[in-house]
Each structure stands twice: as structure tokens, then as C-alpha cells.
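Protein chains in written order, with numbering that gives the first Met the number 0: chain C, 0 to 327; chain A, 0 to 327. All residues carry an ideal CB built from backbone N, CA and C; glycine is no exception. Notes for the one structure printed next.
Number of protein chains: 2
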Amino acid sequence: MSEAVTITDIDAAAARLNGHARRTPLLNSPFLDEIAGRRVWIKAECLQHTGSFKFRGAWSALSALDEDTRKRGVIAFSSGNHAQGVAMAAARHGVAAVIIMPSDAPQLKIDNTRALGAEVVLYDRVSEDRDAIGAQMAEARGLTLIKPFDAPMVIAGQASCGLEIAAQAANQGIDTAQVLVCCGGGGLTSGIALALEARAPNMTVRPVEPEGFDDVARSLRAGRIERNPALSGSLCDAIITPQPGDLTFPILKRLCGPGLSVSDEEALRAMALAMLRLKIVLEPGGAVALAAALFHKEKIDGEDVIAVASGGNVDPALMTRALALVDT
Amino acid sequence: MSEAVTITDIDAAAARLNGHARRTPLLNSPFLDEIAGRRVWIKAECLQHTGSFKFRGAWSALSALDEDTRKRGVIAFSSGNHAQGVAMAAARHGVAAVIIMPSDAPQLKIDNTRALGAEVVLYDRVSEDRDAIGAQMAEARGLTLIKPFDAPMVIAGQASCGLEIAAQAANQGIDTAQVLVCCGGGGLTSGIALALEARAPNMTVRPVEPEGFDDVARSLRAGRIERNPALSGSLCDAIITPQPGDLTFPILKRLCGPGLSVSDEEALRAMALAMLRLKIVLEPGGAVALAAALFHKEKIDGEDVIAVASGGNVDPALMTRALALVDT
Chain C
0 MSEAVTITDI
10 DAAAARLNGH
20 ARRTPLLNSP
30 FLDEIAGRRV
40 WIKAECLQHT
50 GSFKFRGAWS
60 ALSALDEDTR
70 KRGVIAFSSG
80 NHAQGVAMAA
90 ARHGVAAVII
100 MPSDAPQLKI
110 DNTRALGAEV
120 VLYDRVSEDR
130 DAIGAQMAEA
140 RGLTLIKPFD
150 APMVIAGQAS
160 CGLEIAAQAA
170 NQGIDTAQVL
180 VCCGGGGLTS
190 GIALALEARA
200 PNMTVRPVEP
210 EGFDDVARSL
220 RAGRIERNPA
230 LSGSLCDAII
240 TPQPGDLTFP
250 ILKRLCGPGL
260 SVSDEEALRA
270 MALAMLRLKI
280 VLEPGGAVAL
290 AAALFHKEKI
300 DGEDVIAVAS
310 GGNVDPALMT
320 RALALVDT
Chain A
0 MSEAVTITDI
10 DAAAARLNGH
20 ARRTPLLNSP
30 FLDEIAGRRV
40 WIKAECLQHT
50 GSFKFRGAWS
60 ALSALDEDTR
70 KRGVIAFSSG
80 NHAQGVAMAA
90 ARHGVAAVII
100 MPSDAPQLKI
110 DNTRALGAEV
120 VLYDRVSEDR
130 DAIGAQMAEA
140 RGLTLIKPFD
150 APMVIAGQAS
160 CGLEIAAQAA
170 NQGIDTAQVL
180 VCCGGGGLTS
190 GIALALEARA
200 PNMTVRPVEP
210 EGFDDVARSL
220 RAGRIERNPA
230 LSGSLCDAII
240 TPQPGDLTFP
250 ILKRLCGPGL
260 SVSDEEALRA
270 MALAMLRLKI
280 VLEPGGAVAL
290 AAALFHKEKI
300 DGEDVIAVAS
310 GGNVDPALMT
320 RALALVDT
């Protein structure tokens, strides 16, 4: 299989996802438009199965495997959202999923992954080598690794979100807009960028990251892959990765505008406004694109901006903390 | 205009709403299925414009007026959700809206209604006669009254939600189910019942109310309209009405199954589970149908149940209170 992802691959992934993934709505609110100084459209991917876009890529990758390979089961490394996406996609295909998770992952995500039918194997981030653990299990049981972002069928699956954005924006008469995407390893961002290149070529994708963890923005500026100096210390844990992927970065470099970054507090405020004005729940990492649209408007161009709200798997304590920031 | 609402009226209302109201998603979660002991499908009407189904009826009524009448503006009495629906529908038609609200309505709802462009007139529930205030303003300015539920074009608009439920359930292969609807005056409930009578005749609508404010359930049992003994003392303020409507009750009586009722705490728990598992925000009155599906399963029949989540306009303090009930 070629490493390049084409619009044919994306259309095929969307066809495999049809009837299995949700077509999530494109929401808006006059109250958010007023804050942003332009029309803001929110692609509510938190309403996807398992609460994040990750189900798309997981389903795409699993459904693309030949049946004999798939029957032996799959394995994934994930701190949460990818884990849940793979777990549900595997369960619905009737095959086993082993998920290797750090032992300090949020309890809600560990519980959810187990409840979705996966076998969760915890490892210690400091003292254990997760790749060695995974490789050993994969070999012993014939499991196929489902990577979180740097794999063509995963990128093609996430790109189905971009096809929907193109169609839903056209439906609103919108042809030109910056599309802000919460960005970790770049699977969703590169997938959406590829879909829009083909179906809405006047749109420009811009990755959004947490301040201090802006490896993608720095890599885009430098023209080559740069790493994050640290991997903890942000509330936006879902989108903290060491560096952009080898497959995703060339796509991001070719297609994306400059990256944006937001503070944890801005992400929390965007969460609160999403609850109040859109009636959706976001996690901090899933709220950074909306936060950029609302609080960094001077860095954005155009009458319309589209923000992808990529996930909503957040503990009640953090929701409560976000709500405390809004004075009503 | 006849007082009867036909499927032709409903299809016509849906056509007028097309491109203006959102087609809200039908959501589900394996975690909620487990609690409910069957598959639970949530019609997320909290994602409608203005955060509740009320926009449908308001748009339907406004768009059905002749242009000369509409141009003079409209007036409505409402404690909140109907007010916001009428305000936005009027603003998008470019006409004035006067909203008569009790002075003790939640501040968020008063503010939102004003921000949506309406002129809000507050009255004291105890000492003032809202009907006299409204009649005087309507006459002086030639405003048309948009009733909250007991009007054919309003019922036809709310019924568009039922058309969507029929289509979305069929899409999931569901032909037979009880459909639980949060019920105040019965506009949404009767509208959905009429739509399903025509398009999904194996479905049965059941009204859901707050405990102690179950005028519809008691009226259905008695076969004639009964009143609530009180109009305050529930968190579910959005669906507290004195009694079912003269137009809605005969429809409810002809088409609905027995009513259900839930406690305030059950409504709060359903709100918390909706946030955690579906990533949607509900208000207590918009969560009673889901609460019945989750916590009164022994009173419900069938493999599938559909719960309409009718609104999400809730203050942060109450969201925080709901979140405190879930132990994670």
C-alpha cells in the first residue's frame, strides 16, 4: 500500500464509514459570533461515537484490513481518545482490541476503554518501554497495530470529517474560510486539509495547539520536524504529542497556514462558552480551535471561520472548573 | 384556519423550516443502554437554534403569517425557551418581537432573549396581569400573539421534530418504540404524536413530567383536563404549565400512552449522564424524558426507547450541581 493519501482513498474511507460514524452537525451561535467578530462555525466532533473524531480513523483502518488479519485482533497505544475509538470500532467488527495505556491516564478514559470491550494493558511512562510491551503482545497474538495518526488509512478516515465540513459549509453558502483544527500528531489536521484541497480549495486549514506544546506550528515555521520540549504540564493532554508525524508533516507543510496556540485558560473558557451557547461538552484539547477563533481573532482572516471541536472526553471536575470561569 | 393539525400542515411546516431549523442528531451510547436495560436513542433537540425545540414552532408560526401581518411584529408570553425561539425567528424574518416575561425568570434567559433582538417587558407574577399588559401592547402596535403551544402552526412546527425521529429511527432499522417526550403544555408532545401517527404508526408517544406537576398524566388518566396544584417548586421550570392545552389535550388523549414522571434529582442525574456520555448539555426540564428512560425502565416496554432531549438552557450553577452527583 502506498503511503500517499489520495482523495480516492478518502472517498473510499467515507463510504466504509457511512452508516457507522455519525455525520456531526456544524453549529453556530450569534453569541459566539459577537465574541469572535465574525461568523464562527463549530464542527461538533465531540458528538462522534466515543466522544471524539478518533472513531473515524479507527473504523477506517479496521475496515480496510483483510478479514483474516482483522480476525486476529488489533492493538493500539493511546492515552485515551484513540483507545476508545479503536475499542468501539473493534467491538463493532467483532474482533479483539488490546490497548496499551499509560498508568497515569485519566481514570474515565481507562474505564471507558475497558467498558467498550477492550483489554487494557497499563504501563509506567517512566520505567517501562511501551513499544517493547506492544511488540511482544502483537507478535504473540498476531495483532495488527492501529497507529493513532501516522498511517494512511487513519488519515483517510479522519479526512471524512473534512468532506462533511466542505459539504456543510457549501450548504451555508460558505466557500472561503480558515478552518482551525485542534492538532496533536496531525492525523485529523492533515486529513481535513487533504479533503478540503479537493472539495473546498478556497479553505485554508490552520493547526491549533496548546501554548508551550506547539511542535507543529514551530515545525511549519522551520520547514522541518521539531519536537516539544516537554510532554506534560498542559490540560490539553489529548493533543500533546512529541512531534508531527512522518506522514502527516509533509501534508501539513504543503497545505496548512501558520499554526496558532492558546493558553489552558483560554481552552477552559472556550469549553464554558461551548456548554452555554452550543450545548456541547468539550475537553480542553478539543476546545483549542474554538478558543483560537474566540480569543485570537486578530490572527485570523475572513468573514467566516470554522473551528473543529475534536473531542469531549473530560472529567466532571474539569467541566466544573471551566464553568466557574463564566460569570452568570 | 381550521384548528385541526393534519400531516399536510406538518409537511408544510417542515418545508418552511427546511434550511432554517437544524436537523438535530439522534444520539446513543452503550453506557446509557446499559443503565436503561435497552437501547436508548436521544433526539438532541438541545442542539436546535436557541437551545431548544421552541425555535421550530416559532419559525413555523411566523413564516405562516401573511406578510403584512408579520411586518407589524409579534408578541409572546414566556418564561424562557419560547421567548428565545420567537426572538430569533422574528429577528431572522426582520420583524419586531415583544416578549412578556415574569421578572423572576432565570437571568440567562432574560439576557439571551434581549441579545437575540427582542424587546423584553417584565411583569410581576403576583401583582400584575400579564394578559392585560400583552393585550394592550398588541392592540397599540398591531402585534400578533405567538402562543407557546396551543396553536395549530406552533404544533405543526414542533411536529417537524417527529418527522425527523421517524426518518432517523427507520435509518437505524427501528420501527417500534416508545417515544418519551418532555411535556409542558403539550405542543411538542402532540406534534410528535401526530407526525408519528402518519409516518411511524408503531411508535407510541408518552409524555414525561416532573413529579408533583403531572397535570398531563393525570388528565390522560381522568380523560379530561386537570390542573397542577402549584406552578413553582420544581427545577424543571421550562415545562411547568397550569394544564394541558385545549388543542393539545385531545391529540394527546387520542394518541399517547400513559404519562411518566421523574424527580428533580433524577432529572439532574440524567443531565450529568448526558454531559458525560453524549457530550450534550440539558436543562432539567429537557432531561426528564431521558431520566424516565434511564431510571424508570420497568414502566417502559420494548427493545428500543427514544427520549427527546428538548432543551439545554441552564445556568452554570445548575450544571455544576448536576455534575456533583456523578462519582468519577
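Alpha carbon of residue i to alpha carbon of residue j, nearest angstrom
i, j, result
"A271 (chain A)", "R220 (chain C)", "43 Å"
"F76 (chain A)", "V85 (chain A)", "10 Å"
"L317 (chain C)", "D65 (chain A)", "50 Å"
"D236 (chain C)", "E118 (chain C)", "22 Å"
"N312 (chain C)", "P209 (chain A)", "30 Å"
"N80 (chain A)", "A104 (chain C)", "40 Å"
"L193 (chain C)", "S159 (chain C)", "10 Å"
"K70 (chain A)", "S218 (chain A)", "39 Å"
"A197 (chain A)", "I250 (chain A)", "13 Å"
"A90 (chain A)", "S262 (chain A)", "36 Å"
"Q171 (chain C)", "K298 (chain A)", "43 Å"
"G362 (chain C)", "H295 (chain A)", "The requested residue 362 (chain C) is not part of the displayed model; chain C covers only 0 to 327."
"A337 (chain C)", "F248 (chain C)", "Look at the range of chain C in this structure, 0 to 327, and you will see that residue 337 (chain C) is not part of it."
Proximity test, Cβ basis, 7 Å: residue i and chain A
i, result
"K53 (chain C)", "no"
"L46 (chain C)", "yes"
"T112 (chain C)", "no"
"I41 (chain C)", "no"
"V325 (chain C)", "yes"
"L322 (chain C)", "yes"
"T319 (chain C)", "yes"
"M274 (chain C)", "yes"
Spatially closest choice to residue i from the options, by CA coordinates
i, options, result
"L259 (chain A)", "A:Q135, A:V325, A:C181", "A:C181"
"P151 (chain C)", "C:I164, C:G185, C:A168", "C:G185"
"G310 (chain A)", "A:T23, A:E265, A:L16", "A:T23"
"R37 (chain A)", "A:A176, A:Q167, A:R253", "A:A176"
"C301 (chain C)", "C:V307, C:A292, C:A308", "The amino acid at residue 301 (chain C) is misidentified as Cys; the sequence shows Gly. When each option's Cα is compared against that of G301 (chain C), the closest is C:A292."
"R205 (chain C)", "C:L254, C:L162, C:P243, C:I224", "C:L254"
"A308 (chain A)", "A:G285, A:A323, A:V325, A:A290", "A:G285"
"S231 (chain C)", "C:L281, C:A197, C:F212", "C:F212"
"F30 (chain C)", "A:A95, A:L25, A:R268, A:H48", "A:H48"
"E163 (chain C)", "C:E264, C:I239, C:V153, C:I191", "C:I191"
"A169 (chain C)", "C:S78, C:L144, C:N201", "C:N201"
"A321 (chain A)", "A:T68, A:L267, A:A89", "A:L267"
"A20 (chain A)", "A:D128, A:G93, A:C45", "A:C45"
"K252 (chain C)", "C:L144, C:A216, C:I132, C:A199", "C:A216"
"A95 (chain A)", "A:R113, A:F148, A:S102, A:I239", "A:R113"
"L82 (chain A)", "A:V304, A:L142, A:K146, A:D10", "It is worth fixing the name first, because residue 82 (chain A) is Ala in this sequence and not Leu. Cα-wise, what sits closest to A82 (chain A) is A:K146."
Unbroken beta strand (DSSP E) run spanning residue i, endpoints
i, result
"R205 (chain C)", "202-209"
"L179 (chain C)", "176-181"
"D303 (chain A)", "303-308"
"K42 (chain C)", "38-43"
"I98 (chain A)", "96-101"
"F76 (chain A)", "73-76"
"V287 (chain C)", "Where V287 (chain C) is concerned, there is no enclosing beta strand (DSSP E), although the alpha helix (DSSP H) it sits in stretches over 283-294."
"L121 (chain C)", "118-122"
"V153 (chain A)", "Segment 151-170 is the alpha helix (DSSP H) holding V153 (chain A); no beta strand (DSSP E) there."
"S260 (chain C)", "259-261"
Endpoints, the alpha helix (DSSP H) within which residue i is located
i, result
"E66 (chain C)", "66-70"
"V125 (chain A)", "Looking at the DSSP string, V125 (chain A) is not in any alpha helix (DSSP H), and its letter there is neither H nor E."
"G133 (chain A)", "129-140"
"S62 (chain C)", "53-63"
"Q106 (chain C)", "106-114"
Any C-beta of chain C under 7 Å from that of residue i
i, result
"V125 (chain A)", "no"
"P209 (chain A)", "no"
"P315 (chain A)", "yes"
"G50 (chain A)", "yes"
"G311 (chain A)", "yes"
"M152 (chain A)", "no"
Residue-chain proximity (residue i, chain E), Cβ-Cβ < 7 Å
i, result
"K278 (chain A)", "Reference to chain E is not applicable here, since the protein chains of this structure are C and A."
The ligand MG heavy atom lying under 6 Å from the CB of residue i
i, result
"Q167 (chain C)", "Of ligands this structure carries none, so the ligand MG is not represented either."
(message) Check whether the segment 135-146 of chain A and the segment 59-74 of chain A touch, using three or more Cβ-Cβ pairs below 8 Å as the test.
(response) yes
(message) Assess contact between the segment 15-30 of chain A and the segment 47-62 of chain A, defined as three or more Cβ pairs (one per stretch) separated by less than 8 Å. Is contact present?
(response) yes
(message) For the structure I just gave you, are there three or more beta carbon pairs, one from the segment 105-117 of chain A and one from the segment 25-37 of chain A, closer than 8 Å?
(response) no
(message) Tell me whether the segment 152-172 of chain A and the segment 49-58 of chain A touch, counting them as touching only if at least three CB pairs, one residue from each stretch, are closer than 8 Å.
(response) yes
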